[in-house]
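The block underneath contains the structure these notes are about, expressed in structure tokens.
Protein chains: 2
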Amino acid sequence: MSEQLVESLRGLTKDVVSESIETLKNYLRLPTISAQNKAIPETVQFVVELFEQAGGEAKVLDELGGNPVVYGFFPAGSKGDSTKTLLFYNHYDVQPPEPLNEWNSEPFEPTILDGKLFARGVSDNKGDLIARLTAIKVLKQLDGLPCNIKFMVEGEEEIGSPNLAPYLVKYKDLFKADACIWEFGGKDEEERVNMVAGIKGMAYMELTCAGADIDMHSSVGAYVDNAAWRLVQALATMRNEKNDILVKGFYDDIDEPTELEKEVVANLPFNEEAVRNLYGLKRPLITEAKGVDPREAMVFQPTMTICGIESGYTGEGAKTVLPKNAKVKLDCRLVPGQDPQHIFESVQAHLKAHGFDDINVVLINGQKAYRSDYNHPFVAHVLETASAVYEKEAVLAPNSAGTGPMYEFGNQLQVPVVSTGVGWVESKAHAPNESIRLVDFEEGVVHMAYMLSGFPIAMNQHSLETSK
Amino acid sequence: MSEQLVESLRGLTKDVVSESIETLKNYLRLPTISAQNKAIPETVQFVVELFEQAGGEAKVLDELGGNPVVYGFFPAGSKGDSTKTLLFYNHYDVQPPEPLNEWNSEPFEPTILDGKLFARGVSDNKGDLIARLTAIKVLKQLDGLPCNIKFMVEGEEEIGSPNLAPYLVKYKDLFKADACIWEFGGKDEEERVNMVAGIKGMAYMELTCAGADIDMHSSVGAYVDNAAWRLVQALATMRNEKNDILVKGFYDDIDEPTELEKEVVANLPFNEEAVRNLYGLKRPLITEAKGVDPREAMVFQPTMTICGIESGYTGEGAKTVLPKNAKVKLDCRLVPGQDPQHIFESVQAHLKAHGFDDINVVLINGQKAYRSDYNHPFVAHVLETASAVYEKEAVLAPNSAGTGPMYEFGNQLQVPVVSTGVGWVESKAHAPNESIRLVDFEEGVVHMAYMLSGFPIAMNQHSLETSK
Chain C
1 MSEQLVESLR GLTKDVVSES IETLKNYLRL PTISAQNKAI PETVQFVVEL FEQAGGEAKV
61 LDELGGNPVV YGFFPAGSKG DSTKTLLFYN HYDVQPPEPL NEWNSEPFEP TILDGKLFAR
121 GVSDNKGDLI ARLTAIKVLK QLDGLPCNIK FMVEGEEEIG SPNLAPYLVK YKDLFKADAC
181 IWEFGGKDEE ERVNMVAGIK GMAYMELTCA GADIDMHSSV GAYVDNAAWR LVQALATMRN
241 EKNDILVKGF YDDIDEPTEL EKEVVANLPF NEEAVRNLYG LKRPLITEAK GVDPREAMVF
301 QPTMTICGIE SGYTGEGAKT VLPKNAKVKL DCRLVPGQDP QHIFESVQAH LKAHGFDDIN
361 VVLINGQKAY RSDYNHPFVA HVLETASAVY EKEAVLAPNS AGTGPMYEFG NQLQVPVVST
421 GVGWVESKAH APNESIRLVD FEEGVVHMAY MLSGFPIAMN QHSLETSK
Chain A
469 MSEQLVESLR GLTKDVVSES IETLKNYLRL PTISAQNKAI PETVQFVVEL FEQAGGEAKV
529 LDELGGNPVV YGFFPAGSKG DSTKTLLFYN HYDVQPPEPL NEWNSEPFEP TILDGKLFAR
589 GVSDNKGDLI ARLTAIKVLK QLDGLPCNIK FMVEGEEEIG SPNLAPYLVK YKDLFKADAC
649 IWEFGGKDEE ERVNMVAGIK GMAYMELTCA GADIDMHSSV GAYVDNAAWR LVQALATMRN
709 EKNDILVKGF YDDIDEPTEL EKEVVANLPF NEEAVRNLYG LKRPLITEAK GVDPREAMVF
769 QPTMTICGIE SGYTGEGAKT VLPKNAKVKL DCRLVPGQDP QHIFESVQAH LKAHGFDDIN
829 VVLINGQKAY RSDYNHPFVA HVLETASAVY EKEAVLAPNS AGTGPMYEFG NQLQVPVVST
889 GVGWVESKAH APNESIRLVD FEEGVVHMAY MLSGFPIAMN QHSLETSK
């Protein structure tokens with residue numbers, strides 16, 4: 001019965017997928033770079049029209065500041081269960097496309113090559129929104145929608161969702177749901193769909209050292225202090241070569257993982273050779289320095305990453321300049337229990353204690369980590385339906401190595417959250433030549449449709465269990 | 469008699485200076501950026517025409533590679549001493565103009581404001597060539613040229629004159645002279661002309677750390693090593709907060725200054741407050757950390773300056789990327805005795821010894837330091853004529869804190885070298901809004917004309933003294 005349903009869904013999906021890809025291409029042509037405040041109003045309008053054209057209702061929420069949040073609603077069909085609601089979380093903003101010279105095609109001119117669709121934002125996260133809307137279209141052609149479906153599509157995910165929390169508080173009832181499917185996911189190097197039931201947090205900081213009002217001729221380096229040297233020396237006190245973060249208080253308050261979580265993580269697939277080849281790594285994994293399992297590091301350990309550093313002349317050849325200032329962008333991925341504000345204050349205190357109180361620190365964005373209850377039936381339902389649709393068994397980790405505003409959802413909406421999507425191992429989210437494979441898009445549509453079909457029953461089992 | 473001569477030269481200069489400024493402006497409109505290989509042929513042609521229009525002879529030397537070297541020659545007049553020759557060293561190339569957004573006017577559209585002429589290269593070193601040619605014009609209007617005058621105008625000074633040495637070897641006789649006036653100089657914050665009889669050397673290196681073939685999502689920082697962190701950690705082992713360079717062998721082979729040189733340096737003017745205000749310094753001088761006199765550091769101590777560092781995303785806002793590579797530009801100013809090749813090899817050995825043998829080092833350019841004999845009568849002649857022309861007493865240091873290919877001159881041509889020019893304390897060589905003051909240009913013309921008038925007699929005294 002369920003196999004037959006999956007086959008029907010596959011057939012219906014095949015019929016509509018090329019039209020969906022055309023819609024996706026139009027969506028991708030909008031250069032919605034939140035870090036640079038680009039193309040926001042037109043993208044909001046585009047998303048509203050997507051919902052309306054799919055027969056849903058749309059609302060633009062913008063009175064609490066920041067880029068608008070788009071709410072979408074599709075009621076259960078006449079054969080469906082209108083007491084159950086699934087919420088999809090997506091974002092319409094994308095990362096900046098730089099470095100531009102490393103793209104093989106224009107980042108905002110979607111290009112299909114060898115069964116892949118290349119464009120900035122296609123895997124993170126515009127492709128998933130269109131896949132989910134396609135699943136709705138497919139279900140409507142079959143028996144109608146099995147439950148209510150809601151969408152939250154925000155526009156500041158790539159800059160850390162700094163304005164989302166008040167919307168979640170104010171519109172808690174509007175977004176009320178029984179469970180939530182998060183924005184992303186994709187297949188690993190062995191074609192297994194990787195999903196997560198939680199997410200790391202983040203403290204993204206910019207440190208600036210100001211040395212002078214103007215760049216100077218480098219000959220004055222004999223007596224004038226150098227902002228770039230100061231920043232380098234300050235950074236060198238903050239982390240060692242083994243990836244230990246030396247900032248006092250950084251590791252405070254970390255929640256100990258449960259035994260189940262540890263077990264799940266110990267059994268996650270991890271193919272080092274595939275990772276090395278994927279990125280073209282030149283060095284051993286940093287986890288080797290301490291003999292840590294990379295799976296554990298990925299899920300349970302916080303990080304401090306230099307995302308960018310800049311000072312002085314960086315063009316071709318030799319310019320003999322003593323730079324007036326230097327800055328670095330630091331991205332700390334946090335685990336459950338850590339507080340971004342505390343991390344920020346710890347970095348400030350560390351710099352002061354090490355004689356670098358002239359280095360200014362700004363917390364660009366902060367988000368707490370989140371883990372759903374791994375025992376929730378929704379978690380099992382998403383995993384089981386994935387395994388029925390995809391050829392290889394799906395994998396579900398307690399939390400991702402990446403970040404998003406899931407903590408606010410978990411706290412405000414009190415829902416289990418699982419993240420899955422249509423990416424693949426070489427999707428290159430946040431990097432040049434971002435892509436999805438068309439075949440993964442199609443399978444992702446089928447999985448979402450199939451997951452939705454069984455959603456009311458799975459959640460009813462949950463209600464029974466919890467009312468026991 | 470000499471006062472009267474100075475007054476005549478002042479009057480003649482006043483008559484021709486505005487025409488010279490127009491010529492200079494045309495010269496400055498050529499964006500001769502050697503680091504970016506821009507506008508070389510047209511600038512060479514322009515310099516040739518400058519010489520020919522001033523009644524001299526010009527030759528373009530280019531068969532030994534690199535940007536052409538222009539030779540200029542003006543024979544002594546009938547009343548002059550054709551057994552004596554003064555050589556001027558200049559360069560027609562300029563530094564890159566970046567950062568462009570900090571210029572108040574277009575870098576290659578010369579702009580006069582409040583008695584100052586702004587443009588890239590006006591103080592370093594296009595203004596000086598035109599001032600020297602104007603001095604020749606003035607002398608011709610008086611009694612004719614007092615001696616032979618030669619010019620070497622090269623086109624790779626701003627990238628370290630990597631191809632100059634073979635020209636000096638091959639054309640040793642063509643450039644043969646009794647003394648040399650070097651490219652630059654200018655007034656300090658108390659309006660004293662600052663000159664030097666020598667120059668620091670340089671080892672300009674680029675260090676690159678490659679971590680991967682592509683930029684990665686920063687979430688992989690849990691297990692993937694970070695090229696920017698590696699470069700930061702490597703740099704932190706190379707220099708401490710007191711400006712001590714920790715690279716083994718760096719301080720080898722330094723020539724001990726003579727007692728006369730030490731005495732001269734101890735008496736050089738240095739106005740810390742003025743330096744602080746000029747650059748808008750935010751921190752104490754780095755020399756304070758060890759209680760070193762900044763004058764001594766300037767003349768006698770080598771440096772290691774971060775001129776630029778770059779990795780990952782450096783635009784606005786937050787981009788969560790783990791950079792594929794990182795690079796830094798290091799400028800070491802050397803003192804007499806130090807060898808750039810040895811410095812380069814010492815940095816390589818240091819990195820290897822500290823576990824950073826994956827960091828690649830390239831020596832972009834290397835030049836040795838040079839000091840003329842401070843007792844040479846030419847040195848005294850330039851100093852005395854400057855003091856007669858300028859209101860304030862001139863200052864002459866054993867060597868500059870800056871660099872140029874003077875070592876090759878000293879070695880090949882066996883001449884004393886003094887550097888002086890038409891800059892001022894806020895000339896901002898190598899920085900945005902580079903300028904000279906028109907009044908300094910005019911006085912610089914008078915000084916060169918006056919210095920040339922007395923040159924044969926001063927050098928005859930020298931010949932007598934050395935033949936004793």
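In order, the protein sequence lines correspond to chains C and A. Anchor point for the first sequence: position 7 equals 7 in the numbering used here, and the numbering is continuous, going up by one each time. Anchor point for the second sequence: position 50 equals 518 in the numbering used here, and the numbering is continuous, going up by one each time. Note that beta-carbon positions come from the ideal geometry of N, C-alpha and C, so glycine has one too.
At the level of alpha carbons, what is the spacing between residue i and residue j?
i, j, result
"N163(C)", "A212(C)", "35 Å"
"A856(A)", "P565(A)", "36 Å"
"N833(A)", "D761(A)", "29 Å"
"G66(C)", "V94(C)", "15 Å"
"L207(C)", "F556(A)", "47 Å"
"A197(C)", "H376(C)", "10 Å"
"D331(C)", "Y204(C)", "4 Å"
"Q472(A)", "E764(A)", "39 Å"
"L24(C)", "P432(C)", "19 Å"
"L133(C)", "E19(C)", "12 Å"
"G80(C)", "G144(C)", "7 Å"
"Y495(A)", "L906(A)", "16 Å"
"G785(A)", "E626(A)", "34 Å"
"Q348(C)", "Y691(A)", "26 Å"
"I925(A)", "V803(A)", "33 Å"
"K468(C)", "E190(C)", "Low local confidence applies: a pLDDT of 42 at K468(C) is under 50, so the model's placement there is unreliable, with the coordinate-based value given in what follows. About 40 Å."
"Q504(A)", "W571(A)", "19 Å"
"H91(C)", "K150(C)", "14 Å"
Considering only the beta carbon of each residue, do residue i and residue j sit closer than 9 Å?
i, j, result
"T305(C)", "R283(C)", "no"
"K836(A)", "G628(A)", "no"
"Y635(A)", "E622(A)", "yes"
"A695(A)", "A794(A)", "yes"
"A179(C)", "V425(C)", "no"
"G878(A)", "Y838(A)", "yes"
"V220(C)", "P398(C)", "no"
"G780(A)", "D596(A)", "no"
"V474(A)", "V850(A)", "no"
"H822(A)", "K319(C)", "no"
"A119(C)", "E443(C)", "no"
"R707(A)", "W229(C)", "yes"
"L396(C)", "M152(C)", "no"
"A645(A)", "V883(A)", "yes"
"K896(A)", "S476(A)", "no"
"Y279(C)", "I827(A)", "no"
"A394(C)", "V193(C)", "yes"
Tell me, to the nearest whole angstrom, how far the beta carbon of residue i is from that of residue j; I am working on the premise that it is less than 8 Å.
i, j, result
"D188(C)", "P75(C)", "At roughly 36 Å, the Cβ-Cβ gap does not stay under 8 Å, so D188(C) and P75(C) are not in contact."
"I777(A)", "D225(C)", "Actually they do not touch by this definition, with Cβ atoms about 16 Å apart."
"I436(C)", "K116(C)", "7 Å"
"L30(C)", "F46(C)", "6 Å"
Under a CB-based cut-off of 9 Å, is residue i close to chain C?
i, result
"V538(A)", "no"
"Y560(A)", "no"
"L753(A)", "yes"
"Q982(A)", "The structure shown does not extend to residue 982(A), since chain A is modelled only from 469 through 936, so no value can be given for it."
"Q504(A)", "yes"
Beta-carbon of residue i versus every beta-carbon of chain A: anything under 9 Å?
i, result
"V224(C)", "yes"
"N163(C)", "no"
"P377(C)", "no"
Is residue i near the ligand PLP, with its Cβ less than 8 Å from a heavy atom?
i, result
"P630(A)", "Ligands are entirely absent from the displayed structure, and the ligand PLP is therefore not among its contents."
Uninterrupted alpha helix (DSSP H) stretches inside the region 559-625 of chain A (no shorter than 4 residues): 595-610
Runs of alpha helix (DSSP H) wholly within the region 760-800 of chain A (minimum 4 residues, chain order): 762-768
Alpha helix (DSSP H) runs contained entirely in the region 485-543 of chain A, provided each spans 4 or more residues: 508-521
Completely contained beta strand (DSSP E) runs for the region 150-194 of chain C, where each covers 3 or more residues: 179-182
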